[in-house]
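Working notes, beginning with the structure itself.
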Amino acid sequence: MTLRLSKVLIVATVAGLALVGCSASPAPAPTSTKTTVLQAGVAQPGSFQGRQFSMAANGGTTQDVQNKIFQDFANIVGAQFAPDGPPTTAAVKAQVDSHNVTWDIVDAPEVDLASGCGTVYQKLDYSKIDTSKLSKLVPLQDCGVPLNASPWTFAYNKDAWPTAPTSWADFFDLKKFPGKRAVYSGFPMQTMEAALLGSGVDPKDLKKPDVDRGYKELNKIKSNLLFFAAGSESQQMIASNQVAAGVFWSGRVYTELLNGSNWGIVDTAPPILRMDYWAIPIGAKNTDVAYAAINYYIGAAQQSEWQEKTAYPSMNVDSKPNLSPEAKAVDVFKSPFKPVTIDVDFWSSHLSAQLDRWTTWTSAK
Amino acid sequence: MTAPALHPSSPEAPARRPGNRDSLAYGLLLLPGSLLILFVIAYPLLLSLWNSFFKIEQEQQAYAWFAANGVYIEILVRTLLTAISTAIFCLLLGYPYAYLMVISGAKLRGVLTLFVLVPFWISGLVRIFAWVILLQKGGPVSVLLPFLGGGEGLLHTQTAVQIGLVQVLLPFMIIPLYNNLRTVDQRLMQAAESLGARRSVAFVRVFLPLSAPGIYAGTLLVFMLTLGFYVLPQVLGTPLTSMIGSVIQTQTSQLNNVGRAGALSFVMLAAAGAIVLAAFALTRFVPAVKRSAR
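Same order as they appear, the protein sequences are chains A and B.
Reminder that position 126 of the first sequence reads as 126 in this note's numbering, one-by-one numbering, no gaps.
Reminder that position 83 of the second sequence reads as 83 in this note's numbering, one-by-one numbering, no gaps.
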């Protein structure tokens, strides 16, 4: 019995090695030599017959939808699709450094992507991806195609404040709007931009952020500040009204609106987007499939499905998602919302020192 | 057990001494475990040590960076103090519990054992969030015991972190303690009492010293395990209560600063080792323990 089992194992291992050997061969697949790129959202039936590709993302309901879209693509082109995760920067870097890359597509956060562009992640050839319909609100990166914009919004408890706040300045005004606030503890990005907007910085002037000014603004509310370390924790704060307001992720607010919380989002306070990108690690074995899959993923219909199921904004301007009132309340790409993005170059080149400073600030009374 | 025991503290027959051939067999049995430790623990540890000294990140040597940022020393001290207090609270709560398990009948012991083991069947995160709901403002604890936390609830305080840690780690104190306490011969207490000692004196002079190995094992286990916690202190506490694990995690998975993460880990390992050695040295001066540790 054990003998037979070990034989099976050997055969399976050899077969596996052979497969890896095949897919690792540098010969480009015929499709990648085409000069015209398919329209975003379109895949050529049978074009990757017998091929395989894998994708790593961060789990939860968002990955359920991502898996479904990539599986649809795999079914059309005849490839095998293997979902996996989570693709922490350290994990991707370890794969790239050891020349044993098992992921073809990974979900990379904006700052990590900028830091690892060209060393961990491939510089993308944009002649292979139709980016013409991507929203202008979401910046492309050299190494990544936008997959999600998680809006960090000014959310507040309507019972605590009968007069609705109207701007980020109100978030930092304890006299006009008393009560506890919550912000994310993990890193200073986005929260810092909210503080700068609160202090009166023009939304167009968030390049090279004046961090000193931001901390000065944050100090104004420090006595009433709580921190959350995870999204689920922020949801719990909303559900039990532990705070009057917070810099909360719109997806979490959306879930709590569905659960019946009497909370609102200040639509005139610009949401600060935290971008995630599809990236291809250096040394990925199925780069050609990855390009085609990403091109399919950003199609209008696919992005409608994404927004309908997650309430996170569609990346494609042609999407016409069918949204519930709660999902419309967090649809931050629509007027009157005016979302902004952070200066990724600044944060990626100063991240270590800025995290030291943030840790020092959050750990002091 | 029918023959009268000659030596009261070891009622069982002494174990057979292993011969030469046996020790070879034992050596072979040790081999897989030793190889695993060598490759999975020793090698990465040495690699981290190397990185912590020789990897320059952001143009700075890792220990220089650590020394230049006072906040990390603060977090390190807090982590060690939290680990010590958790070990003490677990001992104070776990010892009577383990003692009760030893002296109770089979049925009650079964129930008590079940209570210790049930938490292991529940996901750690679920237990943390259960404490969030219990301790938050307006939650059961703040309603039933309003004098705690001054009306704001205990959540996001060091007390909440302490409660959570003690609850999660209590089984790691009780199980080694119980294993030790049940080997202590109960008749020694009777012997002490028959010689005129009060029950409390008999307990302190006879039973307690004999349970020292269990106390060491449980305390050490809880102390070391507490050092590694980082989600619980963040969720039940605030950045003001965060522990070294979260900083190490940030340095490794967010910043890829393996040198700095190594430096943090080794400073902590050294500090924890020093505390454990100091504790052992201290017990040499406690006469009762000294006698039992012949």
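For every residue, glycine included, the Cβ atom is placed at its ideal position computed from N, Cα and C.
Coarse secondary structure for residue i, derived from DSSP in three states
i        : result
A:THR341 : strand
B:PRO171 : helix
A:GLN235 : helix
A:ASN259 : coil
B:ASN256 : coil
B:TYR97  : helix
A:TRP347 : helix
A:ASP84  : strand
A:ILE129 : coil
B:GLN60  : strand
A:GLN141 : strand
A:VAL247 : strand
A:SER150 : strand
A:TRP278 : strand
A:VAL106 : strand
A:SER54  : strand
A:ASN219 : helix
A:ALA230 : coil
CB contact check: residue i to chain B, cutoff 8 Å
i        : result
A:SER240 : yes
A:ASN58  : no
A:LEU355 : yes
A:ALA114 : no
A:THR191 : no
A:CYS22  : Caution applies to A:CYS22, whose pLDDT of 41 falls short of 50 and renders its modelled position unreliable; the value that the coordinates give is listed next. It does not: the Cβ of A:CYS22 has no partner Cβ on chain B nearer than 8 Å.
A:THR287 : no
A:ALA12  : Residue placement at A:ALA12 cannot be trusted, given a pLDDT of 45 that sits under 50; what the coordinates show is reported in the next sentence. Output row for A:ALA12: interface = no.
Residue i versus the options, residue with shortest Cα-Cα distance
i        : options                                : result
B:GLY262 : B:SER242, B:ALA271, B:ILE248           : B:ILE248
B:SER246 : B:VAL184, B:LEU76, B:GLY33, B:SER52    : B:LEU76
A:LYS204 : A:ASP212, A:VAL211, A:GLY214, A:GLU193 : A:GLU193
B:GLY164 : B:ALA64, B:PHE89, B:ALA192, B:TRP65    : B:PHE89
A:ALA195 : A:LEU218, A:GLY144, A:TYR184           : A:LEU218
A:VAL289 : A:VAL65, A:GLN71, A:ASP64, A:THR62     : A:GLN71
A:PRO365 : B:PRO32, B:GLN186, B:ALA42, B:GLU74    : In the sequence under discussion, the amino acid at residue 365 of chain A is Lys, which differs from the Pro named in the question. Residue B:GLU74 is the option with its Cα nearest to A:LYS365.
A:GLN95  : A:LEU225, A:ALA284, A:LYS123           : A:ALA284
A:GLN302 : A:THR360, A:VAL37, A:PHE73, A:ILE272   : A:PHE73
A:VAL367 : A:PHE53, A:VAL138, A:ASP276            : Only positions 1 to 365 of chain A appear in the structure, and residue 367 of chain A is not among them; the question remains open.
A:SER150 : A:PHE81, A:VAL344, A:LEU273, A:ALA269  : A:LEU273
A:PRO270 : A:ASP170, A:TRP278, A:PRO86, A:ALA229  : A:ASP170
A:ASP356 : A:PHE187, A:VAL344, A:ASP202           : A:PHE187
Chain B contact residues for residue i, given Cβ-Cβ distances below 8 Å
i        : result
A:ASP84  : Residues of chain B passing the Cβ test: none, with the nearest at roughly 17 Å.
A:LYS365 : LEU240
A:LYS93  : ASN256
Residue-chain proximity (residue i, chain A), Cβ-Cβ < 8 Å
i        : result
B:SER48  : no
B:VAL235 : yes
B:THR250 : yes
B:SER253 : yes
9 Å Cβ cut-off: residues of chain A touching residue i
i        : result
B:ASN257 : SER352
B:GLN58  : SER352, ALA353
Neighbouring residues, chain A, relative to residue i (Cβ below 8 Å)
i        : result
B:VAL247 : THR359
B:SER23  : Going along chain A, no residue has its Cβ under 8 Å from B:SER23, so there is no contact; the nearest lies around 30 Å.
Chain-ordered chain B contacts of residue i [CB-CB under 7 Å]
i        : result
A:THR362 : PRO239
**Study point:** Interface positions of the stretch 242-264 of chain A facing chain B (Cβ-Cβ less than 9 Å), listed along the chain
**Key:** GLN242
Review point. What residues in the stretch 207-238 of chain A bring their beta carbon closer than 8 Å to a beta carbon of chain B?
Key: LEU226, PHE227, ALA229, ALA230, SER232, GLU233, GLN236
Check your understanding: Of all the residues that make up the stretch 124-150 of chain B, which are near chain A by a beta-carbon distance shorter than 9 Å?
Key -> LEU125, PHE129, VAL132, ILE133, GLN136, LYS137, GLY138, GLY139
Review point. Using Cβ-Cβ distances below 7 Å, what residues of the stretch 67-93 of chain B are close to chain A?
Key: ASN69, VAL71, GLU74, ILE75
Check your understanding: Just by C-beta distance, which residues in the stretch 157-186 of chain A are closer than 8 Å to chain B?
Key -> SER185, GLY186
**Study point:** Short-range partners of chain B found in the stretch 66-90 of chain A, where Cβ spacing is below 8 Å
**Key:** THR88, THR89, ALA90
Review point. Can you list, in chain order, the residues of the stretch 162-192 of chain B whose Cβ is nearer than 8 Å to any Cβ on chain A?
Key: none
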